[in-house]
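In my numbering, the protein residues as written are 1 to 131.
All residues carry an ideal CB built from backbone N, CA and C; glycine is no exception.
Single-structure report; data block below.
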Amino acid sequence: MLRRVHVQNFRSLADLSLDLGPLTVLFGPNGAGKSSLLDTLWFLRDCAARGVEVASSERSHGIGLRWDGAEEGAPISVAVEAERARYEVRVALSAGRIDPFPGERLRSPGAGRGSDPAVHGEQPGLVLRGR
Ligand SMILES: Nc1ncnc2c1ncn2[C@@H]1O[C@H](COP(=O)(O)OP(=O)(O)OP(=O)(O)O)[C@@H](O)[C@H]1O
Ligand SMILES: [Mg+2]
Numbered sequence: 001m002l003r004r005v006h007v008q009n010f011r012s013l014a015d016l017s018l019d020l021g022p023l024t025v026l027f028g029p030n031g032a033g034k035s036s037l038l039d040t041l042w043f044l045r046d047c048a049a050r051g052v053e054v055a056s057s058e059r060s061h062g063i064g065l066r067w068d069g070a071e072e073g074a075p076i077s078v079a080v081e082a083e084r085a086r087y088e089v090r091v092a093l094s095a096g097r098i099d100p101f102p103g104e105r106l107r108s109p110g111a112g113r114g115s116d117p118a119v120h121g122e123q124p125g126l127v128l129r130g131r
């Protein structure tokens with residue numbers, strides 16, 4: 001189960017940390033950011049399952065995706081935490097489009113304390129590091 005979500009500079013979400021329960025209900029007026037938050041999870045899922053290039057191409061290559069108030073060069077960051085892992089995708093934009101090379105990290109709490117990282121490895125476009 002997802003315990004927590006962190007979002008920076010994604011659509012209307014400048015900087016959000018949200019604790020999730022077994023059931024989390026989003027409610028608020030039009031434009032409050034409900035769909036933006038749900039799309040962060042879809043974006044993360046697409047990045048993990050199909051890669052950042054596909055995830056961004058399905059979102060107009062990231063055009064308009066970064067929060068309008070973000071500083072020049074600020075990345076978009078989306079992370080989720082479960083009991084035993086944290087997965088984060090941090091993407092930069094180049095000329096308004098998502099750079100295809102992501103800063104992507106999957107971390108397990110047990111990693112780096114004497115035992116092998118629970119999750120590690122590399123493949124094109126994906127870098128997973130234990131820490
Ligand atoms: N890149 C961006 N920077 C800043 N604001 C943005 C950006 N992209 C979209 N928005 C704005 O974010 C707001 C939130 O939209 P969102 O669709 O998440 O709201 P919602 O709570 O789902 O609304 P509704 O109840 O109408 O479905 C909208 O006003 C939209 O114009
Ligand atoms: Mg909506």
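Extent of the continuous alpha helix (DSSP H) to which residue i belongs
{"i": "V52", "result": "52-57"}
Run of the beta strand (DSSP E) containing residue i, from where it starts to where it stops
{"i": "G103", "result": "103-107"}
{"i": "I63", "result": "Premise fails: I63 is in no beta strand (DSSP E) and is neither H nor E."}
{"i": "E88", "result": "86-91"}
{"i": "N30", "result": "N30 -> no beta strand (DSSP E), and no H or E assigned at all."}
{"i": "E81", "result": "76-82"}
{"i": "R11", "result": "Where R11 is concerned, there is no enclosing beta strand (DSSP E), given that its DSSP letter is neither H nor E."}
Beta-carbon contacts of residue i that lie in its chain and below 6 Å, excluding the five residues immediately before and after
{"i": "R4", "result": "D19, E81"}
{"i": "H6", "result": "S17, A79"}
{"i": "R59", "result": "L65"}
{"i": "D116", "result": "A caution first: D116 carries a pLDDT of 39, below 50, which makes its placement in the model unreliable, though a value can still be read off. For D116, where only same-chain residues beyond five positions count, there are no Cβ hits under 6 Å."}
{"i": "P124", "result": "At P124, the pLDDT of 35 sits below 50, so the modelled position is not reliable and the matter cannot be decided from this model."}
Chain-order list of residues whose beta-carbon lies under 7 Å from that of residue i (same chain, five-residue window excluded)
{"i": "R94", "result": "Checking the displayed sequence, the identity of residue 94 turns out to be Ser instead of Arg. Nothing meets the Cβ criterion."}
{"i": "A92", "result": "P75, D99"}
{"i": "R66", "result": "N9, I76, L93"}
Inter-residue CB distance, residue i and residue j (contact presumed, cutoff 8 Å)
{"i": "G103", "j": "R90", "result": "4 Å"}
{"i": "L13", "j": "L37", "result": "7 Å"}
{"i": "R135", "j": "E88", "result": "Residue 135 lies beyond the range of the chain shown here (1 to 131); nothing can be said about it."}
TODO: Please confirm if the stretch 90-99 is in contact with the stretch 37-57, defined as three or more CB-CB distances below 8 Å between the two stretches.
DONE: yes
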